[in-house]
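Residue numbers (UniProt numbering): 1 to 401. First the structure, in the form of structure tokens, and then the observations on it.
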């Protein structure tokens, strides 16, 4: 029976792009079109610009669970029957492993660590950590696994190892602390919510969400997705306005009900009534407000209620519980954007050099790069030092051929 895995554009993207099987993925580890890029990245240390942008350019999978649409706990659909363990820079301990208990073992992307995959029954989000710890203890890896990769949503970037170890008949571990182990059943994490203020009197059982930020799996202070994240929120203008009142209130009410399907009309009316006073210099009258509330609830009843997405996708979001100030968040956004632009420029130059046609352009120099390709002279000069050795190797190879 084939084991189905989610595929992602890269290790940093949470969006599910496709499916593959464990066997197909292992075959790619053994030999793929990315092997030359991966070998090139291994010439540099982790954190180096070239290492990082190559890492961003290869696909990834999640071994532990499958997901609907995007990789986050609330979208978890099933356990794969596998568990992934990351071991850094320890060939000695890996060589002593009991291979009868290992489904697959291969060198990690950087070439110094190892990816270990084992079979497991009854894995859920609830028992994931305890099961992970127990299996590591049984394998003698407690002191050696990477705790930063001990996450249910942990992705594994494509690597290259022609000597990958695969044992289809490997031992299957049992999950721990699951009273009723049921393979492929995952307990979904309850979504967080936030209370309403501004005078709305509701009980603790009726906590309200005004956006979907908590639907995203945010490890640490923030989540970065350069493809953009679809944000659903109950938008309030910064300054009071007196135009487009109907559409503004309708959009606010629509998303409020979509984010909080448990809301009664009475509670929704109180919240939207407050928003009406905050938004406009001349708020709509009570009858108008009632018509808006009723129309949205009709959409909900007939099943046609859909969220109105923020027109501007967010590429960086911070945890609601973040203690960072507004200025600190802005600085982080600026720094990350600068880093992304650097990586994009490096990636572009790498692609140009990797596919260089000596018969057409001759020897690789700074001028032959920016004169023949859509890349500025300033960019080439700025990042040339990063590729100096690579260019020398390519030019020498051309002269020797």
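We put the CB at the ideal spot given by N, CA and C, even for glycine.
Alpha carbon to alpha carbon, how far is residue i from residue j?
{"i": "residue 311", "j": "residue 235", "result": "11 Å"}
{"i": "residue 11", "j": "residue 79", "result": "19 Å"}
{"i": "residue 20", "j": "residue 125", "result": "22 Å"}
{"i": "residue 308", "j": "residue 220", "result": "28 Å"}
{"i": "residue 366", "j": "residue 345", "result": "14 Å"}
{"i": "residue 282", "j": "residue 290", "result": "17 Å"}
{"i": "residue 112", "j": "residue 118", "result": "20 Å"}
{"i": "residue 116", "j": "residue 230", "result": "34 Å"}
{"i": "residue 251", "j": "residue 266", "result": "18 Å"}
{"i": "residue 314", "j": "residue 73", "result": "20 Å"}
{"i": "residue 333", "j": "residue 341", "result": "12 Å"}
{"i": "residue 24", "j": "residue 32", "result": "11 Å"}
{"i": "residue 211", "j": "residue 218", "result": "15 Å"}
{"i": "residue 45", "j": "residue 144", "result": "20 Å"}
{"i": "residue 382", "j": "residue 102", "result": "46 Å"}
{"i": "residue 377", "j": "residue 387", "result": "15 Å"}
{"i": "residue 167", "j": "residue 146", "result": "23 Å"}
{"i": "residue 258", "j": "residue 320", "result": "20 Å"}
{"i": "residue 130", "j": "residue 39", "result": "35 Å"}
{"i": "residue 164", "j": "residue 394", "result": "29 Å"}
{"i": "residue 391", "j": "residue 158", "result": "25 Å"}
{"i": "residue 362", "j": "residue 350", "result": "17 Å"}
{"i": "residue 2", "j": "residue 64", "result": "15 Å"}
Mind checking whether residue i and residue j have CB atoms under 7 Å apart?
{"i": "residue 176", "j": "residue 227", "result": "no"}
{"i": "residue 161", "j": "residue 29", "result": "yes"}
{"i": "residue 66", "j": "residue 18", "result": "no"}
{"i": "residue 70", "j": "residue 15", "result": "yes"}
{"i": "residue 213", "j": "residue 85", "result": "no"}
{"i": "residue 260", "j": "residue 209", "result": "yes"}
{"i": "residue 323", "j": "residue 296", "result": "no"}
{"i": "residue 68", "j": "residue 77", "result": "yes"}
{"i": "residue 293", "j": "residue 268", "result": "yes"}
Residues in its own chain within less than 7 Å of residue i by CB, not counting five upstream and five downstream?
{"i": "residue 284", "result": "245, 249 and 276"}
{"i": "residue 369", "result": "352, 375 and 380"}
{"i": "residue 13", "result": "225 and 227"}
{"i": "residue 255", "result": "232, 233, 234, 307 and 308"}
{"i": "residue 384", "result": "366"}
{"i": "residue 203", "result": "Below a pLDDT of 50, predicted positions are generally treated as unreliable, and residue 203, at 43, falls in that range; no measurement from the model is reported."}
{"i": "residue 172", "result": "119, 120 and 121"}
{"i": "residue 336", "result": "224 and 316"}
Considering only residues of the same chain and omitting the five flanking positions on each side of residue i, which have a CB-CB separation below 6 Å?
{"i": "residue 174", "result": "121"}
{"i": "residue 53", "result": "343, 346 and 347"}
With a threshold of 8 Å on Cβ separation, who are the neighbours of residue i within its own chain once the five nearest residues in sequence on each side are excluded?
{"i": "residue 140", "result": "93, 96 and 97"}
{"i": "residue 241", "result": "248, 279, 280 and 281"}
{"i": "residue 155", "result": "8, 11, 60, 61, 62 and 71"}
{"i": "residue 56", "result": "10, 11, 12, 343 and 347"}
Across which residues does DSSP place residue i in a beta bridge pair?
{"i": "residue 86", "result": "115"}
{"i": "residue 60", "result": "8 and 157"}
{"i": "residue 230", "result": "In the DSSP output, where bridge partners are listed per residue, residue 230 has none listed."}
{"i": "residue 174", "result": "121"}
{"i": "residue 222", "result": "318"}
Quick test of your reading: residue i and residue j, contact by CB under 8 Å. State the CB separation rounded to the nearest angstrom.
{"i": "residue 104", "j": "residue 34", "result": "The pair is not a contact, with the Cβ atoms about 18 Å apart (cut-off 8 Å)."}
{"i": "residue 170", "j": "residue 108", "result": "About 19 Å separates the two Cβ atoms, so there is no contact after all."}
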